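Take a look at the structure below.
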Amino acid sequence: DTAVSQTPKYLVTQMGNDKSIKCEQNLGHDTMYWYKQDSKKFLKIMFSYNNKELIINETVPNRFSPKSPDKAHLNLHINSLELGDSAVYFCASSQGWGEKLFFGSGTQLSVL
Amino acid sequence: SQQGEEDPQALSIQEGENATMNCSYKTSINNLQWYRQNSGRGLVHLILIRSNEREKHSGRLRVTLDTSKKSSSLLITASRAADTASYFCATGGFQGAQKLVFGQGTRLTINP
Chain V
4 DTAVSQTPKY
14 LVTQMGNDKS
24 IKCEQNLGHD
34 TMYWYKQDSK
44 KFLKIMFSYN
54 NKELIINETV
64 PNRFSPKSPD
74 KAHLNLHINS
84 LELGDSAVYF
94 CASSQGWGEK
104 LFFGSGTQLS
114 VL
Chain X
483 SQQGEEDPQA
493 LSIQEGENAT
503 MNCSYKTSIN
513 NLQWYRQNSG
523 RGLVHLILIR
533 SNEREKHSGR
543 LRVTLDTSKK
553 SSSLLITASR
563 AADTASYFCA
573 TGGFQGAQKL
583 VFGQGTRLTI
593 NP
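These protein sequence lines are chains V and X, in that order.
Using the working numbering, the first residue of the first sequence is number 4, and each one after it goes up by one.
Using the working numbering, the first residue of the second sequence is number 483, and each one after it goes up by one.
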C-alpha cells in the first residue's frame, strides 16, 4: 500500500485555469505538508498542517489554498494558474515536527 | 534563503568507489536529515542525525555532523549504479521553526 499518495501525477493546463491536487496518507501521521520543487531542484515548503490546523504558511500567493478535511488528507487548490506555477508539487507527512518526512511521488504541473 | 547547501552540486564516480557529499547550514538545528530522490520520483528518507550525535551509520551510508562547523557529510561506500540519484540534506528545528528546510541537492551519477 502506498503510504502517501497524490493525484494526479501529471497536470497540464492553460493559464488562468483553476486546478486541484489531492493527497492522502495512510500512516496515521498528524502532520502533512506541501512542498514545491522548481526546475533547479530547489525544494521549498509551502504549507504545513497539524491535525487539520494550518501551522505553516510560507510566502505563497493567496491563489494557493490548502484544505485539510481530516488529518489523513491535505489538498491543494490553485486559482488563476500562471506560467510561474509550473513545477513539481510534493505532498509529505511526518509523525511530528522536524521528524522524517514521507513523500508522495509528486505532481508535475505544467502551465501553458 | 536556503538553510542547507550541498557540495558538490554534481558528482560522477565509478561503480565501487566511495561517494562523499557535504552539507553546510547557517543556524542552529535540532536535527539534520538526508534524502534521496530518483529521477521523477519523490524523496526518500535515508538518515536522521540529531544535534547531539556526531556520526550515524545505516548499511553503506555513513553520516557525520559537526555542529561547530555547521556541516554534515554523507558517505556512500562501495557505490552501485542504483545509487544514481540526487541527494538532499534538510535541517530541522532551527530558529524555533518546526519545519524542514532543504538544500539544492547533489546529483550523483555512478558509472558502471
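Using N, Cα and C, we set each Cβ at its ideal position, and we do this for glycine too.
A quick note: this is a predicted structure, and the numbers were derived from the prediction, not measured.
{"Asked": "Any chain V beta carbon closer than 8 Å to Lys581 of chain X", "Found": "yes"}
{"Asked": "Alpha-carbon to alpha-carbon, Val114 of chain V and Ser483 of chain X", "Found": "Below a pLDDT of 50, predicted positions are generally treated as unreliable, and Ser483 of chain X, at 44, falls in that range; no measurement from the model is reported."}
{"Asked": "Members of the stretch 485–507 of chain X near chain V, C-beta cut-off 9 Å", "Found": "none"}
{"Asked": "Spatial distance of Pro594 of chain X from Ala501 of chain X (CA atoms)", "Found": "14 Å"}
{"Asked": "DSSP three-state assignment for Leu86 of chain V, whether helix, strand or coil", "Found": "helix"}
{"Asked": "Closer than 7 Å at the beta carbon, the chain V residues around Arg518 of chain X", "Found": "Within chain V, no residue comes near Arg518 of chain X; the closest Cβ sits about 11 Å away, beyond 7 Å."}
{"Asked": "Inter-stretch contact at 8 Å, needing at least 3 Cβ pairs: the stretch 546–561 of chain X / the stretch 80–99 of chain V", "Found": "no"}
{"Asked": "Per-residue contacts from Gly541 of chain X into chain V (C-beta, under 9 Å)", "Found": "Near Gly541 of chain X there are no residues of chain V at all, since even the closest Cβ is about 16 Å away, more than 9 Å."}
{"Asked": "Cα-Cα separation between Ala572 of chain X and Gly19 of chain V, rounded to whole angstroms", "Found": "34 Å"}
{"Asked": "Residue interval of the beta strand (DSSP E) (run including Glu56 of chain V)", "Found": "56–60"}
{"Asked": "Length of the line joining the Cα atoms of Thr591 of chain X and Leu112 of chain V", "Found": "26 Å"}
{"Asked": "Short CB-CB distance (under 8 Å) between Ile48 of chain V and chain X", "Found": "yes"}
{"Asked": "Chain-order list of residues whose beta-carbon lies under 8 Å from that of Asn78 of chain V (same chain, five-residue window excluded)", "Found": "Ser23, Ile24, Lys25, Cys26, Pro69, Lys70, Ser71, Pro72"}
{"Asked": "Chain X contact for Ser108 of chain V (CB, 8 Å cutoff)", "Found": "yes"}
{"Asked": "Chain-ordered chain X contacts of Gly87 of chain V [CB-CB under 8 Å]", "Found": "Those do not exist, as Gly87 of chain V stays about 19 Å from chain X at its closest Cβ, beyond 8 Å."}
{"Asked": "C-alpha gap between Gly541 of chain X and Ala75 of chain V, whole angstroms", "Found": "32 Å"}
{"Asked": "Those residues which DSSP pairs with Glu537 of chain X across a bridge", "Found": "X:Thr546"}
{"Asked": "Reduced DSSP category for Ser483 of chain X - H, G, I as helix; E, B as strand; rest coil", "Found": "Here Ser483 of chain X scores only 44 on pLDDT, less than 50, and its place in the model should not be relied on; the value that follows carries that caveat. Coil at Ser483 of chain X, not helix or strand."}
{"Asked": "Contact list for Arg544 of chain X against chain V, beta-carbon separation under 8 Å", "Found": "By Cβ distance, chain V contributes nothing, its closest Cβ being about 18 Å from Arg544 of chain X, past 8 Å."}
{"Asked": "Which of helix, strand or coil DSSP assigns to Gly578 of chain X", "Found": "With a pLDDT of only 47 at Gly578 of chain X, under the threshold of 50, the placement of this residue in the model should not be trusted, and no figure is reported."}
{"Asked": "Proximal residues of chain V, C-beta to C-beta of Asn512 of chain X below 7 Å", "Found": "Gly101"}
{"Asked": "Distance CB(Glu488 of chain X)-CB(Gly585 of chain X) smaller than 8 Å", "Found": "yes"}
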